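Engineer: Its first residue numbered 0, the sequence shown is counted upward by one per residue in numbering that gives the first Met the number 0. Yeah, the Cβ is synthetic: ideal placement off N, Cα and C, and Gly gets one too. Quick caveat: nothing in here was measured; it's all calculated off a predicted structure.
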Amino acid sequence: MMQLFKLNLIILLATACSFLPHKPNEEKKSQSQLNDDQLLDTIQYRTFQYFWDGAEPNSGMACERIHTDGVYPENDKNVVTSGGSGFGVMSIVVGIDRGFITREAGIGRLAKITSFLEKADRFHGAWPHWMFGETGKVKPFSTKDNGGDIVETAYLIQGLICVKNYLKQDVPAEKALADQIAKLCNEVEWSWYQNGKPALYWHWSPTYNWEMNFAIEGYNECLIAYVLGASSPTYPLSPEAYHQCWARGGGINAETTKYGYTLKLKHNGAAEYGGPLFWAHYSYLGLDPRNLKDKYASYWDENRNQVMIDYNYCVENPKKFKDYGPECWGLTASYSINGYDAHMPSNDLGVISPTAALSSFPYSPEESMRAARYFYEKMGSKLWGKYGFYDAFSETENWCPSHYLAIDQGPIVVMIENYRSQLLWKLFMQDKDVQNGLTKLGFTF
Numbered sequence: 000m001m002q003l004f005k006l007n008l009i010i011l012l013a014t015a016c017s018f019l020p021h022k023p024n025e026e027k028k029s030q031s032q033l034n035d036d037q038l039l040d041t042i043q044y045r046t047f048q049y050f051w052d053g054a055e056p057n058s059g060m061a062c063e064r065i066h067t068d069g070v071y072p073e074n075d076k077n078v079v080t081s082g083g084s085g086f087g088v089m090s091i092v093v094g095i096d097r098g099f100i101t102r103e104a105g106i107g108r109l110a111k112i113t114s115f116l117e118k119a120d121r122f123h124g125a126w127p128h129w130m131f132g133e134t135g136k137v138k139p140f141s142t143k144d145n146g147g148d149i150v151e152t153a154y155l156i157q158g159l160i161c162v163k164n165y166l167k168q169d170v171p172a173e174k175a176l177a178d179q180i181a182k183l184c185n186e187v188e189w190s191w192y193q194n195g196k197p198a199l200y201w202h203w204s205p206t207y208n209w210e211m212n213f214a215i216e217g218y219n220e221c222l223i224a225y226v227l228g229a230s231s232p233t234y235p236l237s238p239e240a241y242h243q244c245w246a247r248g249g250g251i252n253a254e255t256t257k258y259g260y261t262l263k264l265k266h267n268g269a270a271e272y273g274g275p276l277f278w279a280h281y282s283y284l285g286l287d288p289r290n291l292k293d294k295y296a297s298y299w300d301e302n303r304n305q306v307m308i309d310y311n312y313c314v315e316n317p318k319k320f321k322d323y324g325p326e327c328w329g330l331t332a333s334y335s336i337n338g339y340d341a342h343m344p345s346n347d348l349g350v351i352s353p354t355a356a357l358s359s360f361p362y363s364p365e366e367s368m369r370a371a372r373y374f375y376e377k378m379g380s381k382l383w384g385k386y387g388f389y390d391a392f393s394e395t396e397n398w399c400p401s402h403y404l405a406i407d408q409g410p411i412v413v414m415i416e417n418y419r420s421q422l423l424w425k426l427f428m429q430d431k432d433v434q435n436g437l438t439k440l441g442f443t444f
């Protein structure tokens with residue numbers, strides 16, 4: 000079936016289109032007629048468009064947000080995000096591999112993004128959280144957060160490593176792009192962000208220096224920063240930073256059980272039920288958790304158990320929010336009724352974020368498929384728009400704005416692909432520097 004699909008795609012592309020001129024399956028079948036593979040094709044294709052048609056035109060980077068109603072209260076339509084663009088370049092790899100775009104078009108876009116990143120503001124090799132897409136100049140995330148953001152940089156590097164390993168070494172143009180990406184990756188000064196200590200600090204500013212003073216301690220979404228820091232062949236992070244700061248000298252462990260599922264890591268500020276579900280997604284878009292273990296945890300067990308606790312909490316629905324249940328679940332950070340919030344069982348505001356369940360496909364395939372069908376078939380156009388499912392909704396409040404965020408759309412494309420083919424996991428984990436870094440930190444994988 001896949002071979003036939005690719006043959007048909009080649010014929011279509013021969014008519015001189017660089018992307019599919021139609022929505023996979025949607026024009027031929029009603030919503031309720033799609034089988035599981037067709038539904039996943041459709042979700043991935045439409046969500047991928049956020050990073051393709053919806054990209055900021057000058058840079059090719061992922062816009063921080065897209066509001067299809069055209070309302071941008073912060074006047075930030077052309078602001079791009081480094082971390083979200085890391086998820087975006089991984090989505091472009093999926094787009095090429097799935098035949099949503101030609102390889103030539105995809106490589107061209109990746110080259111454009113890489114050239115932009117070379118010229119954009121960097122601070123000891125690290126990019127800021129936000130940049131202006133027209134210029135590459137930093138847009139402060141907050142007053143003192145106007146320099147390097149090592150966590151957002153880690154998400155970007157994670158994506159770039161996948162791209163580098165997807166490129167063909169025997170094709171001169173692709174090899175040149177891979178070398179260009181490797182140079183960018185190796186210029187990140189992870190050791191600088193230790194601030195001379197056995198730690199890793201989230202921010203550095205050229206005007207405020209280390210005043211943000213945010214040492215990254217676990218457990219949360221930031222594991223990938225330590226892994227990539229330890230993997231650097233040029234400015235490596237010390238293993239002591241991982242064990243003493245991230246793992247808190249062993250204090251990261253604190254066992255808790257809910258609904259029969261046990262967490263062995265102390266989730267920051269959410270020890271009882273675990274944190275928002277993006278903690279099980281962002282670091283694991285490339286970093287394969289299936290066999291990943293160190294002396295603190297089995298990361299497959301930790302992530303799957305966090306997802307299943309979230310799922311069972313929504314099924315129990317102790318606050319009696321409308322429509323929560325086995326088909327409608329998933330709490331994570333997203334837009335909320337009053338701005339933006341980190342939704343989780345201990346901070347349940349009646350807001351479901353589709354990315355929570357959909358990006359959990361590797362951990363909870365049956366539960367995630369039920370959610371996918373509910374969002375697509377039952378909610379339909381109320382939730383489904385130009386770039387896939389809108390960021391968040393509340394049936395209790397009858398609230399569902401036509402808004403998207405890059406950091407929520409990207410993991411949907413990538414984690415569904417990891418569920419289907421393990422593509423990004425394979426690309427990232429084959430990297431020799433990554434393997435060396437994991438070994439230095441004491442991981443088995």
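On the three-state DSSP scale, how would you describe I215?
Structural biologist: coil
Engineer: With DSSP run on the structure shown, which of helix, strand or coil describes C399?
Structural biologist: coil
Engineer: Inspect the beta-carbon positions of N302 and P325 and report whether they are closer than 9 Å.
Structural biologist: No, the Cβ-Cβ distance between N302 and P325 is not below 9 Å.
Engineer: What do you get for D407, buried or exposed, if any count of 16 or more other CB atoms within 10 angstroms of its CB means buried?
Structural biologist: By the 10 Å Cβ count, D407 comes out buried.
Engineer: Do you know how far the Cα of G384 is from the Cα of H21?
Structural biologist: Caution applies to H21, whose pLDDT of 39 falls short of 50 and renders its modelled position unreliable; the value that the coordinates give is listed next. Their Cα atoms are separated by approximately 15 Å.
Engineer: State the DSSP-derived secondary structure class of W328, mapped to helix, strand or coil.
Structural biologist: coil
Engineer: Are there three or more Cβ pairs, one per stretch, closer than 8 Å when the stretch 259-268 is compared with the stretch 314-324?
Structural biologist: no
Engineer: Can you give the Cα-Cα distance for G228 and A125, rounded to whole angstroms?
Structural biologist: 12 Å
Engineer: Any idea if L12 is buried or exposed, counting beta-carbon neighbours within 10 angstroms, 16 or more meaning buried?
Structural biologist: Residue placement at L12 is poorly supported in this model, since its pLDDT is 34, which falls under 50; the coordinates are not used for a value here.
Engineer: Is the beta carbon of A370 sitting closer than 9 Å to the one on L382?
Structural biologist: Contact flag unset, no.
Engineer: Just tell me which of V226, A270, L404 has its CA closest to the CA of S190.
Structural biologist: Measuring from the Cα of S190, the nearest candidate turns out to be V226.
Engineer: In terms of DSSP beta bridges, what is T255 paired with?
Structural biologist: L262
Engineer: Considering only DSSP beta bridges, list what W383 is partnered with.
Structural biologist: F388
Engineer: Would the beta-carbon of P353 fall within 9 Å of that of D390?
Structural biologist: yes
Engineer: Following the continuous alpha helix (DSSP H) through F131, name the residue where it begins and the one where it ends.
Structural biologist: It is not in any alpha helix (DSSP H) - F131 instead sits in the beta strand (DSSP E) that spans 129-131.
Engineer: Using the Cβ count rule (16 or more neighbours within 10 Å means buried), how would you classify T331?
Structural biologist: Taking every protein chain shown into account, the CB of T331 has 16 or more other CB atoms within 10 angstroms, so this residue is buried.
Engineer: Going along the chain, which residues of its own chain have a beta-carbon closer than 6 Å to the beta-carbon of K167, five neighbours each way excluded?
Structural biologist: E173.
Engineer: Go ahead and pull the three-state DSSP assignment for L6.
Structural biologist: Here L6 scores only 32 on pLDDT, less than 50, and its place in the model should not be relied on; the value that follows carries that caveat. Helix.
Engineer: For R64, report the span of its alpha helix (DSSP H) as first-last.
Structural biologist: Unbroken run through R64 is the beta strand (DSSP E), 64-66; no alpha helix (DSSP H).
Engineer: Return yes when at least one heavy atom of the ligand SAH lies under 8 Å from the C-beta of G53, else no.
Structural biologist: As presented, the structure is devoid of all ligands, the ligand SAH included, so that no description of it is given.
Engineer: Using a 10 Å radius around the Cβ and a threshold of 16 neighbouring Cβ atoms, would you call E365 buried or exposed?
Structural biologist: Answer is exposed; the Cβ neighbour count stays below 16.
Engineer: Can you check whether the CB of V88 is closer than 9 Å to the CB of Q43?
Structural biologist: no
Engineer: What are the start and end residues of the alpha helix (DSSP H) that includes V433?
Structural biologist: 431-440
Engineer: Any idea what DSSP makes of S84, helix, strand or coil?
Structural biologist: helix
Engineer: At 3 residues or longer, and completely inside the stretch 164-190: list those beta strand (DSSP E) runs for me, N to C.
Structural biologist: none
Engineer: Under 9 Å between the Cβ atoms of I223 and A110?
Structural biologist: no
Engineer: Nearest-angstrom Cα distance between L286 and F442?
Structural biologist: 12 Å
Engineer: If you draw a straight line from the alpha carbon of C244 to that of A198, how long is it in whole angstroms?
Structural biologist: 5 Å
Engineer: Give the DSSP-derived three-state secondary structure of S367 in the structure shown.
Structural biologist: helix
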